[in-house]
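Data first, discussion second: the structure below is written as structure tokens.
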Amino acid sequence: MTQISDAKKRYDEIPIPEELSGVVRSAIDYSTVRKKKIRKRQKSRMGKKVLAAAAAVAVMFTLGLNTSTAFAESMGELPVIGPVARVLTFRSYEKTTEDLSISVDIPSVEMIGEDSGLADDLNEEIYARCEEYAQEAVQRAEEYKEAFMATGGTEEEWAAHNIEIKVWYEIKSQTEHYLSFAVMGTENWVSAYNETRYYNVDLSTGKTVTLQDLLGDDYIRIADESIRKQIQERSSAGEAVFFTEEEGGFTGITEDTKFYINEAGNPVIVFDQYEIAPGSEGMPEFEIVKE
Amino acid sequence: MEKDLYEILIEYILEDQNRFYRLAYSYVQNKDDALDIVQNAICKALERYETLRDAGAVRAWFYRILVNESLAVLKKKKEVPLPDDGAGGEIPYHEKGYEIQDDLYEQINRLNEEVQTVIKLRFYEEMTLQEIAQITGANLNTVKARLYRGLKTLKQNIQEVDA
Chain G
564 MTQISDAKKR YDEIPIPEEL SGVVRSAIDY STVRKKKIRK RQKSRMGKKV LAAAAAVAVM
624 FTLGLNTSTA FAESMGELPV IGPVARVLTF RSYEKTTEDL SISVDIPSVE MIGEDSGLAD
684 DLNEEIYARC EEYAQEAVQR AEEYKEAFMA TGGTEEEWAA HNIEIKVWYE IKSQTEHYLS
744 FAVMGTENWV SAYNETRYYN VDLSTGKTVT LQDLLGDDYI RIADESIRKQ IQERSSAGEA
804 VFFTEEEGGF TGITEDTKFY INEAGNPVIV FDQYEIAPGS EGMPEFEIVK E
Chain H
22 MEKDLYEILI EYILEDQNRF YRLAYSYVQN KDDALDIVQN AICKALERYE TLRDAGAVRA
82 WFYRILVNES LAVLKKKKEV PLPDDGAGGE IPYHEKGYEI QDDLYEQINR LNEEVQTVIK
142 LRFYEEMTLQ EIAQITGANL NTVKARLYRG LKTLKQNIQE VDA
């Protein structure tokens, strides 16, 4: 087929834009800087920062509840989660600077008729994590800009990047027994740092629900078997592609595996993009039906 | 040892960047998306470089990330069609005197994604079927089947045009 070589010729003639080498260079610089930072941070652990943030939250909570009229006004429109708890937006802000725009909605859980403070630890953790993510994302964007400018980028070119950082939440289910919601952070210019955390609360105790609570002591075996079966079913039906074990695919869950609880009360295990499947599969989910 | 692989990876990226761009472009057909794909693929590759075990496999390893990234963008674009404001639509690159032969290039881009990936890697990037199997995560027989399926479709379409 001589025409294949014509097609190849046309492919080879796809013009290379001037920006390419700058984009490549800044991606490398960015990753390399970040790699060094992570190293450094791992050495000196970062507990201090989180503790400071948590301490700040304690003050914020009291202030927020007592003084913010917007806070009180918006209470009426909040999604009510069953009779005993609700999720509300504890803090929300948007900011646009020359370099980036950021929008943050931080949720908190309120146990109605409970003053025991069961939800407080959870709320503090959510708050600290949201703020930390937002700060890190801003820092990443700033580092990226630095690398971009250092490799000959101009302010106009930078402005065209439209950097957007978003932190928000989504309620997954609300039942008599459980409240399950996801808190997400994304940066539009690089998907590698997108993060989703799930919070599952047992409404009778205010404590976090574990897979063990839902599936029993044998939860690892139950979940592993179910996931393996579902992977096989989806692969053979041609619905999805997964990595094999040798390629870094699914090797079994751990107690830290992420999940949320669906309306049926079943845990739904979620894997990160690329964790067990090609990126085009997004974040694969597996509902585990109790035996 | 660890540092060596990281450096090898960077050298490889710098050397083959034009190839990455062309492959990404061939999927999305516009400059901005293609640049984004290359950028994301590099960030992800460097972040996950520990999973590259053998310097000899660097090309297949990197292309796997690149192809996945391209297909993910393509998938996303299909889900959310962009409003046609004229800014996104770039005029495809044409050279005079190509009108008839051009068809094959366009037709390859219209093939099903799995099939066009195999065709592109085989004929444009001149990779072995074994390498393509590693990149796409499919086994060798599946890759062969996709290749033949693709060639057959292309042949049929060309005959229709000729007739």
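Residue numbers (the numbering used here), protein chains in the order written: chain G, 564 to 854; chain H, 22 to 184. Virtual Cβ for every residue (Gly too), placed ideally from N, Cα, C.
Asked                                                                                                                                                                 : Found
Given a cut-off of 7 Å on the beta-carbon distance, is the pair G:K839 and G:F813 in contact?                                                                         : According to the sequence displayed, residue 839 of chain G carries Ile and not Lys. It is a contact, given that the beta carbons lie within the stated cut-off.
Can you list the residues of chain H that G:E810 reaches, using a CB-CB cut of under 8 Å?                                                                             : G158
Where H:V164 and G:K770 are concerned, what is the direct C-alpha to C-alpha distance, given to the nearest angstrom?                                                 : 50 Å
Roughly how many whole angstroms lie between the Cα atoms of G:A697 and G:S671?                                                                                       : 17 Å
Quick check on H:A76: buried or exposed, where buried means 16 or more other Cβ atoms within 10 Å of its Cβ?                                                          : exposed
From the DSSP secondary-structure annotation, give me the bridge partner or partners of G:P830.                                                                       : G:I824
Between G:V772, G:G585, G:T595, G:L766, which has its C-alpha nearest G:W721's C-alpha?                                                                               : G:G585
Exposed or buried, H:G110, counting other C-beta atoms within 10 Å across all chains shown (16 or more means buried)?                                                 : Unreliable positioning characterises H:G110 in this predicted model, as indicated by a pLDDT of 44, which lies under 50. The coordinate reading is nonetheless provided below. Exposed, by the Cβ-count rule.
Please name the residue or residues paired with G:V764 in a DSSP beta bridge.                                                                                         : G:L742, G:T771
DSSP three-state call for G:W731: helix, strand or coil?                                                                                                              : strand
Counting only Cβ-Cβ distances shorter than 9 Å, please list the residues of the segment 576 to 602 of chain G near chain H, keeping chain order.                      : E576, I577, P578, I579, P580, E582, L583, S584, V586, V587, R588, S589, A590, I591, Y593, S594, T595, R597, K598
Considering only the alpha carbon of each residue, which of G:T807, G:F744, G:N829 lies closest to G:G779?                                                            : G:N829
Since H:S47 contacts H:N130 with CB under 8 Å, what's their CB separation in whole angstroms?                                                                         : 7 Å
Can at least three beta-carbon pairs, one atom from the segment 49 to 69 of chain H and one from the segment 87 to 95 of chain H, be found at a separation below 8 Å? : yes
List the residues of chain G that H:L132 touches, going by C-beta distances under 8 Å, in chain order.                                                                : Neighbours of H:L132 on chain G: none; closest Cβ ~12 Å, over 8 Å.
Give me the chain G residues within the contact set of H:N89, using Cβ-Cβ distance strictly less than 7 Å, ordered along the chain.                                   : P841, G842, S843
Determine the burial state of G:T717: buried for a count of at least 16 other Cβ atoms within 10 Å of its Cβ, exposed for fewer.                                      : exposed
Determine which residues of the segment 70 to 85 of chain H have a Cβ less than 7 Å from any Cβ of chain G, and write them out in chain order.                        : T72
Quick one: list the residues of chain H neighbouring G:V753, beta-carbon separation under 7 Å, in chain order.                                                        : N61, C64
Within 10 angstroms of the Cβ of G:S767, are there 16 or more other Cβ atoms? Answer buried if so, exposed if not.                                                    : exposed
According to DSSP, is G:D668 part of a helix, a strand, or is it coil?                                                                                                : strand
Just to confirm the assignment, what range does the alpha helix (DSSP H) spanning H:F41 have?                                                                         : 23 to 49
Closer than 8 Å by beta-carbon distance: list the chain G residues that pair up with H:N39, in chain order.                                                           : I579, L583
Examine chain G for any beta-carbon lying closer than 7 Å to the beta-carbon of H:K97, and answer yes or no.                                                          : no
Give me the DSSP bridge partner(s) of G:K658.                                                                                                                         : G:I665
Counting contacts by CB-CB distance shorter than 7 Å, is H:K194 in contact with chain G?                                                                              : The structure shown has nothing for residue 194 of chain H, since chain H only spans 22 to 184.
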